[in-house]
């Protein structure tokens, strides 16, 4: 760590007064710094330069268009990052703001508005590395792979004499059928076919980890941090993340809460009926269930928690299927 601190002081022409390691794994190093130039979060990534350029350029595009993202600190030679032990290291300004809470319909509507604004302002972003980070290209493959994953889990675990497995297996036929129905709607969607072929400047950017831990609030301002997973994709990917976390906090499916999220979102980023159809297709597909099984998240849950999780996912999926069919154009 000492050699990194020395390099920071030299390259950024600042004195480090205090530092603390936040995370140190094989994948990333995150440190907090108090310096003569202010407070910063420093991150070292074992990333390709193309990926870091995409992230930093996406941030710059969004800042220019009014999305609140902490600035990066440039070096004394006006570089956006330095290298340290073959990793790329970036300093972002540290905002000492609390995370926004997922504890009321009004706050969820506000979060929807922030997300809608970010998506709307992301249009027009151009990157020479964009084809490497184009989510649209993966949808059909992802749907097929996720359905196969559900089938594989059922074949492997469905007949086991265990109450946890038996509870999950009761719900699997519904989720498999929901996935097949959503996949068929995706296949027949003229908008999806058109969207995939659009120039990437007409695609939205998605954050990839849009959760309240990455939303910092101060009065009426909300800043978005941690853009490591940013890519071109469709709004459903970030909306699904918000909804999943809200459901976990509330321990139930709540149609009213979703209505608040979507109402706020559409105020800032109105979607056409074709876009809404694709949104509900993706929200109806059992991505969350597939991840739940693949990651074996049920292993850390008791039987009641598994039952509650599967039930609320089933209620949500049934609602999204109805909305998907209602928005066929």
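Numbering (this note's numbering), first residue to last: 14 to 342. Glycine included, C-beta positions come from ideal geometry on N, C-alpha and C.
Q | Alpha-carbon spacing of residue 294 relative to residue 337, whole angstroms | A | 6 Å
Q. Starting from residue 47 and walking both ways along the alpha helix (DSSP H), at which residues does that stretch end?
A. Per DSSP, residue 47 belongs to no alpha helix (DSSP H); it is in the beta strand (DSSP E), 42-48.
Q. Helix, strand or coil: how does DSSP classify residue 129 here?
A. Reduced to three states, the DSSP call for residue 129 is helix.
Q. For the 8 Å Cβ check, are there 3 or more pairs between the segment 206-218 and the segment 130-143?
A. Touching, yes.
(Q) If the criterion is Cβ atoms closer than 9 Å, does the pair residue 25 and residue 107 meet it? (A) no
Q: For the alpha helix (DSSP H) containing residue 246, list its first residue and its last residue.
A: Unbroken run through residue 246 is the beta strand (DSSP E), 244-246; no alpha helix (DSSP H).
(Q) Can you tell me whether residue 57 is helix, strand or coil according to DSSP? (A) In the structure shown, residue 57 sits in a strand (DSSP, three-state: E or B).
Q) To the nearest angstrom, how far is it from the Cα of residue 271 to the Cα of residue 120? A) One C-alpha to the other measures close to 12 Å.
Q. Using DSSP with H/G/I as helix, E/B as strand and the rest coil, what is residue 335?
A. Correct three-state label for residue 335: helix.
(Q) Please report the straight-line C-alpha distance between residue 126 and residue 57, rounded to a whole angstrom. (A) 31 Å
Q) Skipping 5 residues on each side, what residues in its chain have a beta carbon closer than 6 Å to that of residue 306? A) 166
Q: Within the same chain, show all residues whose beta-carbon is closer than 6 Å to that of residue 195, passing over the 5 residues directly before and after it, in chain order.
A: 294, 297 and 298
Q. Taking just the CA atoms, how far does residue 276 sit from residue 259?
A. Distance between the alpha carbons of residue 259 and residue 276: 15 Å.
(Q) In whole angstroms, give me the CA-to-CA distance for residue 91 and residue 263. (A) 46 Å
Q) Using 8 Å as the threshold, is the segment 149-169 in touch with the segment 281-288, meaning 3 or more CB pairs across them? A) no
Q | Distance, residue 85 Cα to residue 29 Cα | A | Approximately 17 Å, taken between the alpha carbons.
Q. Whole alpha helix (DSSP H) runs in the segment 118-176 with 4 or more residues, listed along the chain?
A. Counting only runs of 4 or more, we get 118-135 and 152-170.
Q: Could you name the residues that DSSP lists as bridge partners for residue 52?
A: 47
Q. Can you tell me the Cα-Cα spacing of residue 240 and residue 83, whole angstroms?
A. 11 Å
Q: Establish whether the CB of residue 109 and some CB of chain D are separated by less than 9 Å.
A: You won't find chain D in this structure, because it holds only one protein chain.
**Q.** Enclosing beta strand (DSSP E) for residue 15 [first to last residue]
**A.** Run containing residue 15: none in the beta strand (DSSP E); it sits in the alpha helix (DSSP H), 15-25.
Q) Any idea what DSSP makes of residue 298, helix, strand or coil? A) coil
Q. In or out: residue 35 buried (at least 16 other Cβ within 10 Å) or exposed?
A. Exposed, because fewer than 16 other Cβ atoms sit within 10 Å of the Cβ of residue 35.
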